[in-house]
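Student: Before we start, here is the structure in question, set down as structure tokens.
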Amino acid sequence: MASLGGLLTLAALISLLLAFRASRRNPGATPPDRPARARANLWIATAGFPFFTILISTAMKPMVHPYHFSFLVIPLILSAGLALHALHVRSKPQSAGLAVAVTGLIFLQALPVTLREDRLWREPSIIPIYERYASHSTLRPLHIERRFPSERPGVKTFYLHPGGLSVFRNRPREITSRQRLWWREHEQLPVPPRPLHDTVPGWIFLHGARFPNSDHLFRIPGGENHRVRLVHNQPPPETLHLGIRSGSRPVFLEGTLGNAEFSVDLPPHTQKLVKLHPGPPQRVFPAADGQPRTQIHELRVSARPGAAWIEVIHSPLQKILFTAFGPDAHTAPPPPLNEEAAEVLETVRFLDRDESVTVLPPAHPLFTSEGLPAGNYQLRATLVNLSDQPAPFSFSLEDSLTPSPNVHPTGRASPVLHVPPGVSVHTAAFQKSFAPFEVDLSLNTNARGLQLISWSFTPVRDQTPPPKSTPPPLSYHPLDIRYREGIRLTGFHLTLPDNAFEPITWAVRAEIDAALNVKAFSETAVFIHLLKEDDSIFQTLDFPLEQAGYAPWNHLHAALPEAGYGDLEHLNVRIGLYTPRKRLRKPPDARATFGPAPAVSRNAVYVHSIRSPASGASLPE
């Protein structure tokens, strides 16, 4: 009854007493008294219904929950309203004042619980969190224990708070498995992790096991801001670390964790460990149902213009592994896997797909824009060759900004393999350094008639740090073209083909400021004009600013020449930025210097002239 509102229930009880009093004053013996008697009887029925229901229910079944009686709130409100109305219509002003005061007290008493329940109801449901944890952590789905707490503790619990209306969205569950004893002792495997959730999770439960598909790790897309609630048991951590990694584009990250504020600037394919003192939790729930009290810190974070990968670190082993599989992998080798850990590794999931698809030449993507730490991995694929001839193919792991693995490979490629006619299984090993961190995995082939049945990409037992390596730098013509939005073009590369059948290749290197608007970044493109001697356009080379080079190496783009070179002796080059949606060029900052660029005309910078006919001529020469 207290869960239904103490003052409301008391007012309904007083209403029942007043109803009996009104019934005694109107016996209904004469016709004029009968309407009043009927009203009194209706009042008695209304006021008595909640208490009669509770009495019958608890007498037959003592074990009940408050939400079983939520339907009684309406008759309780109606009953209390009848009592307050009876006080209000009395001639004494004190009665009317008492009715108003009691009404206000009823609302004030219900307000804190209502606000808490409403806020928790609006929070993301915990149910999808543990369901995905159970289905995507291991090859065989983990068991969701419906009885809570269970007699045999599992690998992770998802308890948030005691009963309430929002318990339907935050129903406590426990995850268990056959290897629960190993996970409870070790908590995680010393292998590279990746995010468990495709989207930013609403909750992160810091206690319990951490699988290679980590629920402590999430990706925040560029231009978005999110809030994540960190749930932990007593005692609260005095310090937490955030392991932050960037992908193919620079990242400017801002946020708060509890009372601590942070901001991080990361170049592409780098990482940083941020130590924070979150202070007191934003919410605390008392111990109940055999579970300890839970405390919640709120993590608010925004990233722009590139995506960021954020790992919440609160154990020494997590911190060691974050460093071990980063850019400086050789300085902190991960703990070796013993036989028992190797057996557990065989049962967990990482990246996989189990559906039959037709392989599309020349490059069939397996996954795209995946943040992949340094480490040793194995790809296993089941293929069907529908032709009667062996089909050659290979796998390539490339930077996500690279338009095609055939243009400028920056990752690692497997040897050329052959699929015999029929069904066959193929494996490829990848010893990946940290950079590039954001990668695509593709199956490359020119053959047709291949079917991909399934594939899996997993860390292997031997996690000896791979050699630290980065793609070779690309020589470029220096630029210093600045724009008011916070964009700077710093380098340019151009190579003309040996003949009309080879592509023109080019690259532009850029830098951006933290003040750059995300919309401006995504809606800006680079234009490159190759001009004849009379300033007429020979060819236009355009691409989005997002695909410019921001890492120490650049990314080549390619296009076939639109016309023959004829008797051209020179081609002039001009470069600039424009907005494709508006077809308007962006003016360079008048206060900027343009380095070796000789002239500016119509919001375009003339860079250099290049010899022609082509014969492999390039800039810089």
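With our numbering, the residue at position 575 of the sequence shown is 581, and numbering never jumps.
Glycine included, every Cβ here is placed at the ideal spot set by N, Cα and C.
#1: Residue 162: buried (16+ other C-beta within 10 angstroms of its C-beta) or exposed?
#2: I want to check one thing, is the minimum distance from the CB of residue 347 to the heavy atoms of the ligand SAM below 8 Å?
#3: Can you give me the Cβ contacts of residue 568 inside the same chain, cut-off strictly under 7 Å, excluding the 5 residues immediately before and after it?
#4: Mapping DSSP to helix, strand and coil, what is residue 152?
#5: Taking contact to mean 3 or more Cβ pairs, one atom from each stretch, closer than 8 Å, check whether the stretch 302-312 and the stretch 220-228 are in contact.
#6: In the DSSP assignment, find the unbroken beta strand (DSSP E) run with residue 513 in it and report its ends.
#7: Among all the DSSP beta bridges, which residues are the ones paired with residue 304?
#8: Along the chain, where does the alpha helix (DSSP H) that runs through residue 265 open and close?
#9: Kindly indicate which three-state DSSP category residue 115 falls into: helix, strand or coil?
#10: Report yes if the CB atom of residue 448 is closer than 9 Å to the CB atom of residue 380, and no otherwise.
#11: For residue 428, which of helix, strand or coil comes out of DSSP?
#12: How far does the beta strand (DSSP E) with residue 500 in it extend, from its first residue to its last?
#13: If you pair each beta-carbon of the stretch 285-303 with each one of the stretch 232-247, do three or more pairs fall below 8 Å?
#14: Excluding sequence positions up to five away, which residues of its chain have a Cβ less than 6 Å from the Cβ of residue 412?
#15: For residue 241 and residue 251, what's the separation of their Cα atoms in angstroms?
#16: Can you grab the Cα-Cα spacing for the pair residue 274 / residue 248, in whole Å?
#17: Using 8 Å for Cβ pairs, my map puts residue 564 next to residue 626. What's the rounded Cβ distance?
#18: Over what stretch of residues does the beta strand (DSSP E) that includes residue 559 continue unbroken?
#19: Which residues share a DSSP beta bridge with residue 578?
#20: Looking at the structure shown, is residue 144 part of a helix, part of a strand, or coil, going by DSSP?
#21: Can you have a look at residue 111 and say buried or exposed, based on whether 16 or more other CB atoms are within 10 angstroms of its CB?
#22: Could you give the DSSP three-state label for residue 132: helix, strand or coil?
#23: Specify the secondary structure class of residue 64 as computed by DSSP and reduced to three states.
#24: Would you give the residue range spanned by the beta strand (DSSP E) that residue 386 belongs to?
#25: Residues in the same chain with beta-carbon distance under 8 Å from residue 518, minus the five sequence neighbours each way, listed in chain order, please.
#26: Of the residues 213, 398, 623, 455, which one's Cα is nearest the Cα of residue 190?
#27: Hey, how far is the Cα of residue 430 from the Cα of residue 454?
#28: With 16 other CB atoms within 10 Å as the buried threshold, where does residue 151 fall?
#29: Give me the residue from 18, 590, 605 with the minimum Cα distance to residue 80.
#30: Just the C-alpha distance for residue 109 and residue 42, rounded to the nearest angstrom, thanks.
#31: With DSSP run on the structure shown, which of helix, strand or coil describes residue 193?
#32: Is residue 471 near residue 322, with beta carbons less than 9 Å apart?
#33: Does the Cβ of residue 582 have 16 or more other Cβ atoms within 10 Å, making it buried, or fewer, making it exposed?
#34: Determine whether the beta carbon atoms of residue 195 and residue 218 lie at a separation below 9 Å.
#35: Which term fits residue 176, buried or exposed, when burial requires 16 or more other beta carbons within 10 angstroms of its beta carbon?
#36: Roughly how many whole angstroms lie between the Cα atoms of residue 364 and residue 457?
Tutor: Working from what's here:
#1: Within the sequence shown, numbered from 1, the residue matching residue 162 stands at position 156. Residue environment: residue 162 is assigned as buried (16 or more neighbouring CB atoms within 10 Å of its CB, all protein chains considered).
#2: This structure lacks the ligand SAM; in fact it carries no ligand of any kind.
#3: Here the question's residue 568 lines up with position 562 in the sequence shown. The answer, listed in chain order, is 545.
#4: Counted from its first residue, the sequence shown places residue 152 at position 146. Looking at residue 152 - three-state DSSP - the assignment turns out to be coil, as it is neither helix nor strand.
#5: Because the criterion of three Cβ pairs below 8 Å is met, the stretch 302-312 and the stretch 220-228 touch.
#6: The count along the sequence shown starts at 1 and reaches residue 513 at position 507. In the DSSP assignment, residue 513 falls within the unbroken beta strand (DSSP E) covering 510-518.
#7: Mapped onto the sequence shown, residue 304 falls at position 298. Bridge partners of residue 304: 235.
#8: For the purposes of this step, residue 265 is taken as residue 259 along the sequence shown, with counting starting at 1. Where residue 265 is concerned, there is no enclosing alpha helix (DSSP H), given that its DSSP letter is neither H nor E.
#9: As a position in the sequence shown, residue 115 is number 109, starting the count at 1. Residue 115: helix per DSSP, three-state reduction.
#10: Locating residue 448 in the sequence shown gives position 442, counting from the first residue. Locating residue 380 in the sequence shown gives position 374, counting from the first residue. No; because the gap between Cβ atoms is not below 9 Å, this pair is not in contact.
#11: By 1-based counting over the sequence shown, the position of residue 428 is 422. If DSSP states are grouped into helix, strand and coil, residue 428 belongs with the strands.
#12: The residue you call residue 500 lines up with position 494 of the sequence shown. Residue 500 -> beta strand (DSSP E) spans 493-501.
#13: The stretch 285-303 vs the stretch 232-247: in contact.
#14: The residue given as residue 412 occupies position 406 in the sequence shown. Confidence is the limiting factor: at residue 412 the pLDDT is only 41, short of 50, which leaves the residue's position unreliable, though a coordinate-based value still follows. Closer than 6 Å at the Cβ level, and outside the excluded window around residue 412, lies no residue.
#15: Counted from its first residue, the sequence shown places residue 241 at position 235. Counted from its first residue, the sequence shown places residue 251 at position 245. Computed Cα separation, rounded: 29 Å.
#16: Here residue 274 refers to the residue found at position 268 when the sequence shown is read from its first residue. Here residue 248 refers to the residue found at position 242 when the sequence shown is read from its first residue. Each residue's alpha carbon lies about 18 Å from the other.
#17: Within the sequence shown, the letter at position 558 stands for residue 564. Within the sequence shown, the letter at position 620 stands for residue 626. Going by Cβ atoms, the distance from residue 564 to residue 626 rounds to 18 Å, so no, they are not a contact pair.
#18: Translated into the one-based positions of the sequence shown, residue 559 becomes position 553. Taken as a continuous stretch (DSSP letters only), residue 559 belongs to no beta strand (DSSP E), as it is neither H nor E.
#19: As a first step, residue 578 must be located in the sequence shown, where it is residue number 572. The partner list for residue 578 (beta bridge, DSSP) reads 537, 615.
#20: Counting from 1 along the sequence shown, the entry for residue 144 is found at position 138. Three-state result, residue 144: strand.
#21: For this step, residue 111 is matched to residue 105 along the sequence shown. Using a 10 angstroms sphere on the CB of residue 111, the tally of other CB atoms stays under 16, which defines it as exposed.
#22: For the purposes of this step, residue 132 is taken as residue 126 along the sequence shown, with counting starting at 1. Assigned with DSSP and collapsed to three states, residue 132 falls in coil, not helix or strand.
#23: Stepping through the sequence shown from its first residue, residue 64 is reached at position 58. In this structure, residue 64 counts as helix in the three-state DSSP scheme.
#24: Counting from 1 along the sequence shown, the entry for residue 386 is found at position 380. Counting along the chain, residue 386 sits inside the beta strand (DSSP E) bounded by residues 381-391.
#25: Looking up residue 518 in the sequence shown gives position 512. Excluding sequence neighbours, residue 518 sits near 256, 311, 492, 493, 494, 527, 556.
#26: Against the sequence shown, residue 190 aligns to sequence position 184. Of the residues 213, 398, 623, 455, the one whose Cα lies closest to the Cα of residue 190 is 213.
#27: For this step, residue 430 is matched to residue 424 along the sequence shown. For this step, residue 454 is matched to residue 448 along the sequence shown. So the two alpha carbons sit approximately 16 Å from each other.
#28: Locating residue 151 in the sequence shown gives position 145, where the first residue counts as 1. Residue 151 should be labelled buried.
#29: By 1-based counting over the sequence shown, the position of residue 80 is 74. Nearest C-alpha to residue 80: 18.
#30: Translated into the one-based positions of the sequence shown, residue 109 becomes position 103. Translated into the one-based positions of the sequence shown, residue 42 becomes position 36. Taken atom to atom, the span from the alpha-carbon of residue 109 to that of residue 42 is near 25 Å.
#31: Here residue 193 corresponds to residue number 187 of the sequence shown, with the count starting at 1. Coil.
#32: Within the sequence shown, the letter at position 465 stands for residue 471. Within the sequence shown, the letter at position 316 stands for residue 322. The Cβ atoms of residue 471 and residue 322 lie no closer than 9 Å to each other.
#33: Position 576 of the sequence shown, counted from the first residue, corresponds to residue 582. Around the beta-carbon of residue 582, 16 or more other beta-carbon atoms lie within 10 Å, marking it buried.
#34: Counting from one through the sequence shown, the residue named residue 195 turns up at place 189. Counting from one through the sequence shown, the residue named residue 218 turns up at place 212. Residue 195 is a Cβ neighbour of residue 218, given a cutoff of 9 Å.
#35: What you label residue 176 is simply residue 170 of the sequence shown in a count that begins at 1. Counting Cβ neighbours within 10 Å, residue 176 comes out buried, since at least 16 surround it.
#36: As a first step, residue 364 must be located in the sequence shown, where it is residue number 358. As a first step, residue 457 must be located in the sequence shown, where it is residue number 451. Spanning the two alpha carbons is a distance of roughly 5 Å.
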